[in-house]
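Everything on this sheet refers to the single structure shown next.
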């Protein structure tokens, strides 16, 4: 896959971020899913890559306190649980989006 880059990144709900990619695709990630996917050495075993973070311990209301662009390759997120050592490479964000069915636009209809 060719390198794909985010053109725009917006918080679109209290619990989600939307990314518009340079190929026109729009993807959405919940904050909780992104926190669970952190690839830092605290959250993943350095040798095996297996998750060591207890996903069930992530608060349902996890949210970013700060988001910053790192170079031209990713985002660093400081979370409300004070974790902030992971870098979310743009390739990872795209990979996560492609492994999850797209979220349909909110039609405004509520059951």
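In this note's numbering, the protein residues as written are 939 to 1049.
C-beta atoms are modelled at their ideal positions from N, C-alpha and C, and glycine is treated no differently.
Bear in mind the structure is a predicted one, so any value in this text is a computation, not a measurement.
For residue 948, the three-state DSSP class (helix, strand or coil): The count along the chain shown starts at 1 and reaches residue 948 at position 10. It is a strand residue.
Three-state secondary structure (DSSP) of residue 956: The count along the chain shown starts at 1 and reaches residue 956 at position 18. Strand at residue 956.
Residue from 957, 1032, 953 and 951 whose Cα sits closest to the Cα of residue 945: Stepping through the chain shown from its first residue, residue 945 is reached at position 7. Considering only alpha carbons, the answer is 957.
Proximity of residue 979 and residue 1023 at Cβ, strictly below 9 angstroms: The count along the chain shown starts at 1 and reaches residue 979 at position 41. The count along the chain shown starts at 1 and reaches residue 1023 at position 85. Going by C-beta atoms, residue 979 is nearer than 9 angstroms to residue 1023.
Boundaries (first-last residue) of the alpha helix (DSSP H) holding residue 970: Sequence index remark: in the chain shown, residue 970 carries index 32 (1-based). Start and end: 969 to 974.
Residue from 981, 992, 988 and 1019 with nearest C-alpha to residue 1004: Within the chain shown, residue 1004 is the residue found at index 66, counting from 1. Considering only alpha carbons, the answer is 1019.
Euclidean distance between Cα positions of residue 983 and residue 951: As a first step, residue 983 is located in the chain shown; it is residue number 45 there, counting from the start. As a first step, residue 951 is located in the chain shown; it is residue number 13 there, counting from the start. Straight-line Cα distance between these residues: approximately 31 angstroms.
Nearest residue (CA-CA) to residue 998, options 986, 976 and 969: Here the question's residue 998 lines up with position 60 in the chain shown. Of the listed residues, the one whose Cα sits closest to residue 998 is 969.
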